[in-house]
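In this note's numbering, the protein residues as written are -16 to 155. What follows is a short report on a single structure.
Structural data, given as structure tokens:
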């Protein structure tokens, strides 16, 4: 009886995780247009605004580059898309990925801040869902911790992105 009950629970959880209402909804054409804006901003220190199209075009470009490397990992990102919130610093995130070969759509609500003293972006994950199943952001972030580029790191429910991680690929 206990085994049957556990099987039902696992089946329901698996069903919830596999539900992806956003699959195919968020797509952007790969573009490097954002690089010139970032290079100018990093070089001059002047503020600039980045729109959703520029951001998502660059994220699509990064996804294409990563996928062209052909590296097989336990967790593979297929797409990454951000929506900018109405209030400053708020954003939404959608990614389709494979976890151990199982296709999953992950959504998150974010708060993004910049720490000028330490020259890093702090991305706090306020809420996260794998499919329709709410998961603690710390749990989701732990899964990607070993897959982050050098310099980026995670603490609790925050992802830290030093400006140096952006400057180095730009040759600054």
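For each residue, glycine too, the CB sits at the ideal point set by N, CA and C.
message = How far does the alpha helix (DSSP H) with residue 1 in it extend, from its first residue to its last?
response = -15 to 1
inquiry  = How far does the alpha helix (DSSP H) with residue 120 in it extend, from its first residue to its last?
reply    = 120 to 127
inquiry  = In whole angstroms, give me the CA-to-CA distance for residue 136 and residue 130.
reply    = 10 Å
Cβ neighbour criterion (16 or more within 10 Å) applied to residue 154 = In this prediction, residue 154 scores a pLDDT of 48, lower than 50, which makes its location untrustworthy; the coordinate-derived value is nonetheless stated afterwards. Counting Cβ neighbours within 10 Å, residue 154 comes out exposed, since fewer than 16 surround it.
Extent of the continuous alpha helix (DSSP H) to which residue 96 belongs = It is not in any alpha helix (DSSP H) - residue 96 instead sits in the beta strand (DSSP E) that spans 85 to 98.
message = Checking 8 Å against the spacing of the C-beta atoms, do residue 83 and residue 9 come in under that value?
response = no
query = Any idea which residues DSSP pairs residue 138 with across the strands?
reply = 141
query = Which residues mark the beginning and the end of the beta strand (DSSP E) in which residue 77 is found?
reply = 73 to 82
ask   = Which residues bound the alpha helix (DSSP H) around residue 44?
value = 35 to 51
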